[in-house]
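S.K.: Residue numbers (full-length UniProt numbering): 1 to 89. By construction, the Cβ of each residue, glycine as well, lies at the ideal position given by its N, Cα and C atoms.
1) How would you write the range of the alpha helix (DSSP H) that residue 37 sits in, first residue to last?
2) Could you check what DSSP says for residue 26 in three-state terms: helix, strand or coil?
3) Pull up the distance between the alpha-carbon of residue 78 and that of residue 13, whole angstroms please.
4) For residue 47, does the three-state DSSP call read helix, strand or coil?
5) For the pair the segment 26-33 and the segment 58-71, tell me if three or more CB-CB distances fall below 8 Å.
6) Please determine, among 50, 21 and 56, the residue with the shortest C-alpha to C-alpha distance to residue 39.
7) Counting only the same chain and skipping the five closest in sequence on each side, list residues whose C-beta sits under 8 Å from that of residue 42.
8) Along the alpha helix (DSSP H) that carries residue 70, what are the first and last residues, could you check?
9) Work out the CA separation of residue 67 and residue 8 for me, nearest whole Å.
Below, the structure is given as structure tokens:
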């Protein structure tokens, strides 16, 4: 399954968490922080899944260091979870 996040819509960290929660159908109790992101990626998604972050460069500008923190979690998840991939386009 492919899930696409549109970077033009991700202008704040909160925008990212709301979008990822919706697209990956995270549970209602999703805490909308990086620890909760890790927890849900490693326990609450149907695999295989490829997360496509379209216009990621625009999100990077908007989110600053927050973008790098999110990418760190997603990269770690790619390494740890068989069947989870991320593409930045």
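M.R.: Judging by the given coordinates:
1) 34-43
2) coil
3) 20 Å
4) coil
5) no
6) 21
7) 77, 80 and 81
8) 65-80
9) 13 Å
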